[in-house]
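Chains as they are written, first to last, in the working numbering: chain G, 131 to 243; chain A, 206 to 312.
Ideal Cβ positions, reconstructed from N, Cα and C, are used throughout, including at glycine.
Data block below; observations after.
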Amino acid sequence: DTEVTQTPKHLVMGMTNKKSLKCEQHMGHRAMYWYKQKAKKPPELMFVYSYEKLSINESVPSRFSPECPNSSLLNLHLHALQPEDSALYLCASSPGTGSEKLFFGSGTQLSVL
Amino acid sequence: GIQVEQSPPDLILQEGANSTLRCNFSDSVNNLQWFHQNPWGQLINLFYIPSGTKQNGRLSATTVATERYSLLYISSSQTTDSGVYFCAVGPGNKLVFGAGTILRVKS
């Protein structure tokens, strides 16, 4: 299994809603990532988890809350988002925590109304 | 932080043509990767290439770390090569993406 699986593929939410994005990998990778990609822009790093611990937070607003319940699963909890948070949210994983090849999921397209 | 510049920003090719995409970066890095994002948004890792040369079918890449650039070669292009090509560089796993090259291959 060489896939990173993200659910849901599409999500529409209001500014007062609470929702979660889910990411799963079964490749035994020890690092997992959240990236945000606005339309016609490159992906931007949000969070990195190494060995299930948060190792990088790129000054992301607290309305985005990551969670890594185990080595295969990564969640992104969303609360009180703004319309400008609408974007493609990409999850990725890598075998190790250093300079490693990155594998991406297909993303969740989020629209905030 | 690290600056990453990709060129050209846009490229239109006739099917069967060859092309070279360039990635320049501002600092020494130990991680450089090339990705292809297809029209459906999926990012595919083409190469992990912090230095040296690699080939995979019609694609090859070369990174000259001492001169801070990398090249991606696409030969005999096909319509399925269309999409955005990103170079991403970093110290360790903290990758910074370039703005990308939008490639359109016409049949």
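- prompt: Quick check: the stretch 279 to 295 of chain A against the stretch 225 to 242 of chain A, are there 3 or more CB pairs under 8 Å?
  reply: yes
task: Spell out the partners DSSP gives A:Thr258 in its beta bridges.
output: A:Thr267
task: Determine the contact status of A:Ile354 and A:Asp232, defining contact as a CB-CB distance below 8 Å.
output: Absent from the structure is residue 354 of chain A, since the part of chain A shown begins at 206 and ends at 312.
message: Below 8 Å on C-beta distance, what does A:Gln219 contact in chain G?
response: By Cβ distance, chain G contributes nothing, its closest Cβ being about 24 Å from A:Gln219, past 8 Å.
message: As an exercise, report each continuous beta strand (DSSP E) stretch of at least 3 residues that is fully enclosed by the stretch 208 to 254 of chain A, in chain order.
response: 209 to 212, 215 to 219, 224 to 230, 236 to 242, 248 to 253
- prompt: When burial is assigned at 16 or more other CB atoms within 10 Å of the CB, is G:Pro213 buried or exposed?
  reply: exposed
field: Any C-beta of chain A under 8 Å from that of G:Ala217
entry: no
Spatially closest choice to A:Asn250 from G:Ser236, G:Ser241, G:Leu243, G:Pro196, by CA coordinates: G:Ser236
- request: Please confirm whether G:Met143 and G:Lys149 have their CB atoms less than 8 Å apart.
  value: yes
query: So, helix, strand or coil for G:Glu154, using DSSP?
result: strand
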